[in-house]
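Student: Line by line, the protein sequences give chains A and B.
For the first sequence, my numbering begins at 1 and goes up steadily by one.
For the second sequence, my numbering begins at 1 and goes up steadily by one.
Note that beta-carbon positions come from the ideal geometry of N, C-alpha and C, so glycine has one too.
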Amino acid sequence: DAGVTQSPTHLIKTRGQQVTLRCSPKSGHDTVSWYQQALGQGPQFIFQYYEEEERQRGNFPDRFSGHQFPNYSSELNVNALLLGDSALYLCASSSTATDTQYFGPGTRLTVL
Amino acid sequence: GEDVEQSLFLSVREGDSSVINCTYTDSSSTYLYWYKQEPGAGLQLLTYIFSNMDMKQDQRLTVLLNKKDKHLSLRIADTQTGDSAIYFCALRSGGSYIPTFGRGTSLIVHP
Chain A
1 DAGVTQSPTH LIKTRGQQVT LRCSPKSGHD TVSWYQQALG QGPQFIFQYY
51 EEEERQRGNF PDRFSGHQFP NYSSELNVNA LLLGDSALYL CASSSTATDT
101 QYFGPGTRLT VL
Chain B
1 GEDVEQSLFL SVREGDSSVI NCTYTDSSST YLYWYKQEPG AGLQLLTYIF
51 SNMDMKQDQR LTVLLNKKDK HLSLRIADTQ TGDSAIYFCA LRSGGSYIPT
101 FGRGTSLIVH P
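1. Can you pull the chain B neighbours of L90(A), defined as C-beta to C-beta under 9 angstroms?
2. Is F9(B) close to chain C, meaning its C-beta is less than 8 angstroms from at least one C-beta of that chain?
3. Against chain A, does I98(B) count as a neighbour if the rule is that its beta carbon must be under 8 angstroms from one of theirs?
4. Please identify the residue among D26(B), G82(B), A90(B) whose C-alpha is closest to the C-alpha of P43(A).
5. Please check if any C-beta of chain B sits within less than 8 angstroms of the C-beta of S33(A).
6. When you compare only the Cα positions, how much space is there between D115(A) and F47(A)?
7. Return the bridge partner residues of M55(B) from the DSSP annotation.
8. Using a Cβ-Cβ distance cut-off of 8 angstroms, determine whether G104(B) contacts chain A.
9. Can you check which of these residues, K67(B), Q57(B), L45(B), N66(B), is closest to F101(B) by C-alpha distance?
10. Between the Cα of Y49(A) and the Cα atoms of W34(A), F60(A), L82(A), which residue gives the shortest distance?
11. Secondary structure at L91(B), three-state DSSP: helix, strand or coil?
12. Tell me the DSSP bridge mates of Y33(B)?
13. Using a Cβ-Cβ cut-off of less than 8 angstroms, give me the residues of the segment 46–77 of chain B that come near chain A, in sequence order.
14. Taking DSSP as the reference, what is the three-state secondary structure of G42(B)?
15. Residues of chain B with CB closer than 7 angstroms to the CB of Y102(A), please, in chain order.
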């Protein structure tokens with residue numbers, strides 16, 4: 001049973017560019033949440049997708065957007081990258097039965 | 001919103017027990033989780049407890065919940081070097097889909 005997978009593992013971008021990160025949820029899960037984790041901090045909630053719609057959003061600017069596909073996989077898009085966007089981006093999946101979140105390995109984004 | 005506090009560091013000797021503590025402010029927290037994060041990796045769910053429970057044991061892990069003091073702890077028996085990681089406490093109320101995370105406690109296990 002594959003767990004949550006994310007791609008790519010690492011990414012280097014320059015300021016002003018745009019980036020797309022991808023996540024496939026654990027088998028049987030229908031909900032995907034995205035988090036940003038800066039060095040030395042806990043994960044900060046960006047948004048959650050359920051039934052292909054954004055169900056809840058954290059305190060992040062509109063430069064952060066997402067999508068969920070019919071197979072429950074999801075993308076996180078970040079436009080106009082800033083140096084401060086450098087972080088580990090974590091995807092977590094859950095099912096509506098328990099809402100317990102299981103995390104992927106993360107994508108390390110570096111903005112130069 | 002919910003505030004979740006953890007001490008930043010804990011150092012223990014191999015073979016000893018480790019106790020990682022977490023305090024929170026929202027008394028409506030219903031689901032309380034412990035996650036482990038190894039360097040460069042994602043978060044691994046270790047265990048969780050419901051607010052109607054006081055204790056849960058799972059092999060070397062024991063979770064204690066004191067609702068009156070809003071205090072959650074994770075005890076790791078016979079701590080091994082492989083337990084060295086950052087441990088996050090996370091809490092979620094029944095009305096929310098999203099847990100709130102603490103900043104994490106870095107557990108260092110030395111020989």
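Tutor: The relevant details are as follows:
1. Working through the first sequence from its first residue, we reach residue 90(A) at position 90. Residues of chain B passing the Cβ test: G42, L43.
2. This model lacks chain C altogether, as its protein chains are A and B.
3. Numbered from its first residue, the second sequence carries residue 98(B) at position 98. With respect to chain A, the C-beta atom of I98(B) has a partner C-beta closer than 8 angstroms.
4. As a working note, residue 43(A) is residue 43 in the first sequence. Among D26(B), G82(B), A90(B), the Cα nearest to that of P43(A) belongs to A90(B).
5. As a working mapping, residue 33(A) is identified with position 33 in the first sequence. For S33(A), the nearest beta carbon of chain B is closer than 8 angstroms to its own beta carbon.
6. With chain A running from 1 to 112 in the structure shown, residue 115(A) is simply not present.
7. The residue labelled residue 55(B) in the question sits at position 55 within the second sequence. L64(B).
8. For the purposes of this step, residue 104(B) is identified with residue 104 of the second sequence, where counting begins at 1. Closer than 8 angstroms to some Cβ of chain A, the Cβ of G104(B) qualifies, so yes.
9. Residue numbering aside, residue 101(B) sits at position 101 when the second sequence is read from its first letter. The shortest Cα separation from F101(B) among K67(B), Q57(B), L45(B), N66(B) belongs to L45(B).
10. Along the first sequence, read from residue 1 onward, the residue named residue 49(A) stands at position 49. Nearest C-alpha to Y49(A): W34(A).
11. As a first step, residue 91(B) is located in the second sequence; it is residue number 91 there, counting from the start. The answer is strand: DSSP assigns L91(B) an E or B state.
12. Counting from one through the second sequence, the residue named residue 33(B) turns up at place 33. Listed as beta-bridge partners of Y33(B) by DSSP are Y48(B), A90(B).
13. Y48
14. As a working mapping, residue 42(B) is identified with position 42 in the second sequence. Here G42(B) sits in coil by DSSP.
15. The sequence position of residue 102(A) within the first sequence is 102, counting from 1. Within 7 angstroms Cβ-Cβ: L45.
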